[in-house]
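In our numbering, the protein residues as written are 1 to 292.
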Amino acid sequence: MPELPEVEITRRQIAPLLVGRTVAAVVTTASSPFFLTSPGTLRRRLSGRRFERLDRIGKYLVAGLDGGAQLLLHLGMTGQVFAAGVRSLRLLSSTRGGALTPEGQAGGFVPDRHTHLRLHFDDGGPDVFFRDVRKFGRVELLAPGASSPRLERLGVDALAARAGDLAAAVRRRRAPIKAVLLDQSVLAGVGNIYADEALFLSSIRPSRPANRVTKPQCEQLLAAVQRVLHRSLETGGASISDFVQPSGEDGRYQDERLVYGREGEPCPRCHTPVVRTVIAGRGTHYCPRCQR
DNA sequence: AGACTAACCTGAAAGC
DNA sequence: TGCTTTCAGGTTAGTC
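Here is the structure:
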């Protein structure tokens with residue numbers, strides 16, 4: 001599932017295919033909650049605009065257009081951004097399946113009913129697609145000068161955060177520490193996988209009330225968060241659900257998971273079986289012996 | 001305000 | 001075999 005590393009990898013790979021190019025036409029699927037800006041408006045307002053930059057804030061991609069408008073993209077759970085002509089694209093199925101679609105093997109992606117946004121450019125080069133099977137992703141076009149409540153709600157980007165940022169949030173909260181890690185208004189970009197991994201690395205049980213995490217432990221925890229995020233960036237992200245890099249390749253971070261999705265397997269540190277529970281409505285994995 | 005829950009969505013996997 | 005049910009999870013809206 002796309003969290004900060006997956007979104008950042010998408011940004012780095014797709015930026016060269018976007019920046020400097022002018023939109024000639026936009027093709028979308030029908031209106032749905034996926035479109036915070038209606039398909040018709042997107043088609044009208046995007047055509048003729050040139051992309052000037054592509055940034056990331058938390059799990060959001062923010063594309064700056066000439067004239068000052070901004071295109072917001074969120075990959076949700078199953079979002080995939082890539083360009084036409086990509087080979088060996090894994091369109092569906094989990095890492096367990098891993099099969100390539102016939103279309104992918106042939107090297108030509110055929111837009112399907114899950115391809116909600118298709119950008120065609122005036123240079124005749126490859127189209128850029130935004131595909132999302134479960135439609136938890138979002139697209140929004142911000143008018144020049146307009147702000148977005150979604151972005152304003154975000155806390156400091158997880159990679160830029162300092163220990164004090166986490167310690168301040170933790171102090172007054174009695175919710176499980178994991179819920180605080182997942183709260184995008186505290187640290188933007190942390191999702192379920194990296195929360196579990198970071199809590200394991202810092203030996204903190206996910207259910208522990210946030211206000212029972214000491215200041216030194218906050219420092220350890222944030223360091224662990226940033227360590228797993230950086231390591232995932234190095235390995236191309238985690239292709240656990242449907243994430244694929246725009247290049248079409250799978251990430252490899254899933255091979256380095258210590259506890260996430262490893263219920264019943266031995267803890268890499270003490271060999272006690274990893275436990276799975278539900279916290280903050282999310283599957284949560286931890287070692288009952290190492291994590292207190 | 002903080003905490004908790006339902007809802008959104010679809011395919012995969014489990015259950016029968 | 002095949003149909004039905006359950007599960008997964010980022011984010012927001014709604015409730016207490």
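Ideal Cβ positions, reconstructed from N, Cα and C, are used throughout, including at glycine. All values derive from a computational prediction rather than experimental measurement.
Item, Value
"Beta-carbon spacing of C267, V278 below 8 Å", "no"
"S38 versus V244, E263, L142, D123, residue with shortest Cα-Cα distance", "L142"
"For G76, the nearest candidate out of R153, V133, S185, R113 (CA to CA)", "V133"
"Own chain partners of S264 with C-beta closer than 6 Å, once the 5 adjacent residues on each side are dropped", "This sequence places Gly at residue 264; Ser is not what is there. So the list reads P273, once near-sequence residues are dropped."
"V110, enclosing alpha helix (DSSP H) - first and last residue", "Careful: V110 lies outside any alpha helix (DSSP H) and carries neither H nor E."
"Cβ shell of V367 (< 8 Å), same chain only, five flanking positions each side left out", "Here the chain has residues from 1 to 292 only, and residue 367 is not among them."
"C-alpha gap between A168 and L182, whole angstroms", "15 Å"
"Which of helix, strand or coil DSSP assigns to L75", "coil"
"The stretch 44-63 in contact with the stretch 12-28 per 3-pair CB rule at 8 Å", "yes"
"Where A30 falls, given that 16 or more other Cβ within 10 Å makes a residue buried", "exposed"
"Contact between the stretch 66-83 and the stretch 241-251 (3+ Cβ pairs under 8 Å)", "yes"
"Per-residue burial, H114 [other beta carbons within 10 Å of its own, 16 or more giving buried]", "buried"
"Other residues of its chain near G189: CB distance less than 8 Å, five sequence neighbours each side excluded", "E3, L4, V7, G58, K59, D157, A158, L159, L229"
"First through last residue of the beta strand (DSSP E) which encompasses F51", "51-57"
"Test item: CB-CB of C290 and R276 under 8 Å", "no"
"Residue of L42, S202, Q13 minimising C-alpha distance to V27", "L42"
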